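Trainee:
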Amino acid sequence: MEKTAFCKHCQQQFVPRRSNHFYCSASCRTKASYLRNDYKYISGHYERSVPSKIEKQPLFKNSGDLILAVQSLEKRIEELNNQKRIEINSVKDVALGTVAADAGVYAAKRLFAPKSLPATKGDIEQLKLQLITLNNLLKGIG
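When you read off a place in the sequence shown, starting at 1, and then add 118, the result is the number in this note's numbering.
Structure below.
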């Protein structure tokens, strides 16, 4: 005997596939979500309705408040622009410092420990020739 449940949206009886299955279909689940979140059907699609309280409240009480808000915003934008210039210059300095440090390390390794550098294609070719030569010598002995 299969356990049945009633859809929370359309109230139709259905067989749930899981214990947390509350709607008979995906469309019922979507429509229930639209109802919970105040969406309204408007000519072929759903739109979220805006409460009338928000629409009627003015953003600023008078033009003086608006002017102060704009000035504050302009000041903040100017501060952000100044910070960006500093950040860009500091990033350039860091990049140049990193390149200089890497070049110094490479030069020091090249001068004082040339064997510790990564192998190049030429090094691998030389090693291959040495192995072939060694292999030929061993074959000649055995």
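Cβ atoms here follow ideal geometry from the backbone N, Cα and C, with glycine treated the same way. Computed from a predicted structure; not experimentally measured.
(1) Please report the distance separating the alpha-carbon of His139 from that of Ser161.
(2) Taking only three categories from DSSP, how would you classify Lys158?
(3) Just the Cα atoms here: how many angstroms apart are Thr216 and Ala231?
(4) Between Lys149 and Lys126, what straight-line distance do the alpha-carbon atoms span, to the nearest angstrom?
(5) For Ala123, which of helix, strand or coil comes out of DSSP?
(6) Have a look at Ala187 and Asn180 and give me their C-alpha separation to the nearest angstrom.
(7) From the DSSP output, read off the bridge partner residues of His163.
Mentor: Straight from the coordinates:
(1) Looking at the two C-alpha atoms, the distance is approximately 30 angstroms.
(2) In the structure shown, Lys158 sits in a strand (DSSP, three-state: E or B).
(3) Straight-line measurement puts the Cα of Ala231 at about 21 angstroms from the Cα of Thr216.
(4) Approximately 11 angstroms between the Cα atoms of the pair.
(5) Here Ala123 sits in strand by DSSP.
(6) Each residue's alpha carbon lies about 11 angstroms from the other.
(7) DSSP output for His163 lists Ile160 as bridge partner(s).
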